[in-house]
Amino acid sequence: MTEKVRVRFAPSPTGFLHIGGARTALFNWLFAKHNNGIFILRIEDTDRSRSTDEYIEAIIEGMKWLGLDWDEGPFRQTDRFEIYRNYADRLLKEGRAYYCYCSSEELEARRKIATALGRSPGYDGRCRYIKEPVPGITPAVRLKMPREGKTVVEDLIRGNITFDNAQLDDLIILRSDGTPTYNLTVVVDDVDMKITHIIRGDDHLNNTPKQIQLYNAFGYAIPKFAHLPMILGSDKARLSKRHGATSVMAYYEMGYLPEALVNYLVRLGWSYGDQEVFKREELIKYFSFENVGKAAAVFNPEKLLWLNSQYIINSSPEKLVELVKPFLLKEKIIDEGRIPDEVWLSKAVLTLRERAKTLVDLANSLRYYIADNIEYNEKARAKFLNEKSLPYLIELKDSLASVAEFSANEIEKIFHSLTERHGIKLGNLAQPVRVAMTGGAESPGIFEVLEIIGREKSLMRLDMAIKTIQSSREEL
RNA sequence: GUCCCCAUCGUCUAGCCCGGCCUAGGACAUCGCCCUUUCAAGGCGGUAACGCGGGUUCGAAUCCCGCUGGGGACGCCA
C-alpha cells in the first residue's frame, strides 16, 4: 500500500494572494484531490517584520473565493518556534551545525566585495572552525553543508537535476535572535506534517539541494518534488504589479468568476489535449504532472476574459442574479433596500448574458432596465433621435399604449405593421427606439428590451425622446 | 560573476519520452465572410510558429552537442 498523499500550500503573508501563489495552491489542491489526499494550508510567517494578520486573512479570503478548501490548518509557523529550536539544537549537538559570529553588516560587505570581484557571493564558512564563543555577540546558527560530492534533486516535472555540493554554502537555520529561517522551518514542517510531495514554484529549485542536505542531516526520508514553471508578464519578466492586477481578489472586484480564473490558471502550464474548458471534476480527474509543461508562461488577460465570458454564458440566469447583486450595489445601480423582483431580474439578465464579459459589464448593462431615468449617449442621440424618426416614435407610442399584451411577441407585430405601412426598414425604427429606451445604440433585441422595461416606463421614455427631439427643434 | 532551469504561431499549448502518420493540430487575440433591428453570441474561412549552427539517421519539431536568447537562484526574505 502506498502512503497517503499529503501536500501543502505554504504562502508567506507578506502580500495578498497573487496569481502565481494561486496557481501553486491550485496545483497542490488538484494533486491532493486527484489522489484522494490531504491538502494543508501553512502560513510561513517567520519573517515577523513583513508578515501581517491582514495578509493572512487576505490569503484565506482568496483561497476560499477560488474554492480551494484545505483539510488541515491553517498552521502558523510563529506558533511553532519551539519545535524548530529543538531541531536546531539537535543539529548543534550532533555537530552538524555551528555558531556563526559574523554580523549581518560584515556579511553584506563581503558579499558586495565578492560580487565586485566576480566571485560567488556565498558564505565562505569561516565560523565553522571557531570553537570559542566571541564575547559580546549573539551568534546565528549555520548548517554544515558537505564540501564534496553532488546532490541530485529528483523532480516530477523536470527529471533529475544535479548540483555540486561545493557551491552550497552553509545556510543560516537560526537567526541571532533565535528565530528560525525559512530553510529550516520548511524542512521541519514538511517532515512534521508528513508531506509526501512538495509542489511549488520554480524559484525554489535552487533551494532544494540545500533542503535535501537538511533532510540528510536529520536523517529523514526525502519527499518528492515538483517545481512548477513561473508565470511571467507580457514582457516576459516576472509577473508584478506593473503588469496589471496580480492580486486574486482584484479579479473578483473586476467581475470575474472564480471558476474562470481557476480554469485559466490551470491551463497555464498544464494541458489535456485540445480541451480548453474544464469542469472542476474534470480537472481533478485529469490532473497529472505528466501534462505539466516546463517552460514559463506569459499571463494573458485576454484569454482569461474570454473564459470568463464563456462561464457567464453557461451560468443560469438565477445564479447570475445572485452573483451580480453585489455589483449592482457597488455600481450604485440599486440601493440597499430596493432589490428588484428576482424573476424579473432573471429575465433581464438572460438577455444580457451573452453580451457581458464580466459581472461588472452585466451590472452596468442592467442599469437601463432598472434605473428610473436614462442618459443619452450624445452620438447615438444625434444620429437617431431626430426629425426623421419623430413621426414613427409618436405613432409607436400610441400603438404601444393601446396594445393588449405588452409582450415581446405583440410588440414585434406592432413594429412590423408600422414599418410595412411606411415602407421603412426595421432598423429605421428599432435604432431610434433603442436609443430612447437604453440611451445608446447597442442592446439586446429591442422587443425584449421593451417587454422587460414594461409599458409604463417604455411610454415615459418614448415620451422623453419625443420631447427631446421637439425641444431641439425649438432651439433652432 | 557562478550555478540551475527553459526554448513550437503575438499569447496559452498539442506533437517530443517511443524519429516517418506534421504540406505542425487546437484555443485566445487579429482579419474576412455568413447570420442580423444594433451590439453581442454563434457558424465558416484567412494570416501566423518548430530560435540558430552542427551532428546521428534513408528520414528530425522529435535524439546528441554547441551557440544564442529568456527566466531563476546565490539574504540573519520566503
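With numbering that gives the first Met the number 0, the residue at position 402 of the first sequence is 401, and numbering never jumps.
C-beta atoms are modelled at their ideal positions from N, C-alpha and C, and glycine is treated no differently.
**Q.** Beta-carbon gap between H196 and R5 smaller than 9 Å
**A.** Here the question's residue 196 lines up with position 197 in the first sequence. Here the question's residue 5 lines up with position 6 in the first sequence. Yes, these two residues count as a Cβ contact at 9 Å.
Q) Between the C-alpha atoms of L358 and S233, what's the straight-line distance to the nearest angstrom? A) On the first sequence, residue 358 is found 359 positions in, with the first residue counted as 1. On the first sequence, residue 233 is found 234 positions in, with the first residue counted as 1. L358 and S233: Cα-Cα distance of roughly 25 Å.
**Q.** Reduced DSSP secondary structure (H/G/I, E/B, other) of F30
**A.** Taking the first residue of the first sequence as 1, we reach residue 30 at position 31. Here F30 sits in helix by DSSP.
**Q.** CB of F542 within 9 Å of CB of D188, strictly
**A.** The question about residue 542 has no answer, for the chain in this structure spans 0 to 475.
Q: Go through the region 282-346 residue by residue and report every complete run of the alpha helix (DSSP H) that reaches 4 residues or more, in order.
A: 300-312 and 316-329
**Q.** Three-state class that DSSP yields for V360 in the structure shown
**A.** The sequence position of residue 360 within the first sequence is 361, counting from 1. Note on residue identity: the sequence assigns Asp, not Val, to residue 360. Of the three classes helix, strand and coil, the one that applies to D360 here is helix, per DSSP.
Q: Report yes if the CB atom of A464 is closer than 9 Å to the CB atom of P443, and no otherwise.
A: For the purposes of this step, residue 464 is taken as residue 465 along the first sequence, with counting starting at 1. For the purposes of this step, residue 443 is taken as residue 444 along the first sequence, with counting starting at 1. The answer is no: Cβ separation not under 9 Å.
Q) Where DSSP assigns a beta bridge to T350, which residues make up the other side? A) Taking the first residue of the first sequence as 1, we reach residue 350 at position 351. Answer is none; T350 lacks a bridge partner.
Q.
Excluding the 5 residues flanking R237 on each side, which residues of the same chain have their C-beta closer than 7 Å to its C-beta?
A. By one-based count along the first sequence, residue 237 stands at place 238. Taken in chain order, the residues that qualify are M229 and L231.
Q | S401 (DSSP reduced to helix, strand or coil) | A | Start at 1 with the first residue of the first sequence, and residue 401 comes out as number 402. In this structure, S401 counts as helix in the three-state DSSP scheme.
Q) Residues in its own chain within less than 7 Å of V342 by CB, not counting five upstream and five downstream? A) As a first step, residue 342 must be located in the first sequence, where it is residue number 343. Cβ within range, chain order: n/a, list empty.
Q.
Tell me which residues share the same chain as P10 and place their Cβ nearer than 6 Å to its Cβ, disregarding the 5 neighbours each side in the sequence.
A. Walking along the first sequence from the start, residue 10 turns up at place 11. Contacts found: G20 and I58.
(Q) Counting C-beta neighbours from all protein chains within 10 Å, is the total for V133 16 or more, i.e. buried, or is it exposed? (A) One-based indexing of the first sequence puts residue 133 at position 134. Result: exposed.
Q) Rounded to the nearest angstrom, how far is the Cβ of D168 from that of G124, given a contact under 8 Å? A) Sequence index remark: in the first sequence, residue 168 carries index 169 (1-based). Sequence index remark: in the first sequence, residue 124 carries index 125 (1-based). That pair is a contact at about 7 Å.
Q | For A139, the first and last residue of its enclosing beta strand (DSSP E) | A | Taking the first sequence and counting its residues from 1, one reaches residue 139 at position 140. Unbroken beta strand (DSSP E) run through A139: A139 to L142.
Q) Is I18 helix, strand or coil by DSSP? A) The residue labelled residue 18 in the question sits at position 19 within the first sequence. Helix at I18.
Q: Using beta-carbon positions only, say whether A362 and V402 come within less than 9 Å of one another.
A: Looking up residue 362 in the first sequence gives position 363. Looking up residue 402 in the first sequence gives position 403. No, they are not a contact pair.
**Q.** According to DSSP, residues forming a beta bridge with P208
**A.** The count along the first sequence starts at 1 and reaches residue 208 at position 209. In the DSSP output, where bridge partners are listed per residue, P208 has none listed.
Q. Does the Cβ-Cβ distance between L142 and R89 come in under 9 Å?
A. In the first sequence, the residue the question calls residue 142 occupies position 143. In the first sequence, the residue the question calls residue 89 occupies position 90. Not in contact: L142 and R89 (Cβ atoms no closer than 9 Å).
Q) Going by the CB atoms, is the gap between S175 and A139 shorter than 9 Å? A) Taking the first sequence and counting its residues from 1, one reaches residue 139 at position 140. Taking the first sequence and counting its residues from 1, one reaches residue 175 at position 176. Against a cut-off of 9 Å, the Cβ pair of S175 and A139 comes out as a contact.
Q: Using beta-carbon positions only, say whether T23 and S50 come within less than 9 Å of one another.
A: Within the first sequence, numbered from 1, the residue matching residue 23 stands at position 24. Within the first sequence, numbered from 1, the residue matching residue 50 stands at position 51. No, Cβ-Cβ distance for T23 and S50 is not below 9 Å.
Q: Specify, as a first and last residue, the run of the beta strand (DSSP E) that K223 falls within.
A: Counting from 1 along the first sequence, the entry for residue 223 is found at position 224. Segment K223 to L227, the beta strand (DSSP E) holding K223.
Q) Nearest CA to the CA of A295: which residue from L428, T207, I156 and S246? A) Position 296 of the first sequence, counted from the first residue, corresponds to residue 295. It is I156.
Q: Report all residues from its chain with a CB closer than 8 Å to the CB of G36; omit the five preceding and five following residues, and keep chain order.
A: As a first step, residue 36 must be located in the first sequence, where it is residue number 37. Correct list, in chain order: K3, V4, R5, V6, F30 and T195.
Q. Taking buried to mean at least 16 other C-beta atoms within 10 Å of its own C-beta, is T350 buried or exposed?
A. Reading the first sequence from its first residue, position 351 is the one you call residue 350. Buried: at least 16 other Cβ atoms inside 10 Å.
Q: From the DSSP output, read off the bridge partner residues of F38.
A: In the first sequence, residue 38 corresponds to position 39, counting from 1. Beta-bridge pairing links F38 to V6.
(Q) What residue range does the alpha helix (DSSP H) around R75 cover? (A) One-based indexing of the first sequence puts residue 75 at position 76. Careful: R75 lies outside any alpha helix (DSSP H), inside the beta strand (DSSP E) at E71 to R75.
Q | Local conformation of C101 per DSSP, three classes | A | Locating residue 101 in the first sequence gives position 102, counting from the first residue. Three-state DSSP puts C101 in coil, outside helix and strand.
Q) Would the beta-carbon of K382 fall within 9 Å of that of A440? A) Residue numbering aside, residue 382 sits at position 383 when the first sequence is read from its first letter. Residue numbering aside, residue 440 sits at position 441 when the first sequence is read from its first letter. Contact flag set, yes.
(Q) I need the straight-line Cα distance from E258 to M248, nearest angstrom please. (A) Position 259 of the first sequence, counting from 1, holds the residue named residue 258. Position 249 of the first sequence, counting from 1, holds the residue named residue 248. Cα to Cα, the separation comes out at about 13 Å.
Q. How would you call E147, buried or exposed, if buried means at least 16 neighbouring beta carbons within 10 angstroms?
A. Here residue 147 refers to the residue found at position 148 of the first sequence. Exposed: under 16 other Cβ atoms inside 10 Å.
(Q) Pull the bridge partners of P179 from the DSSP assignment, please. (A) The residue you call residue 179 lines up with position 180 of the first sequence. Paired residues: L173.
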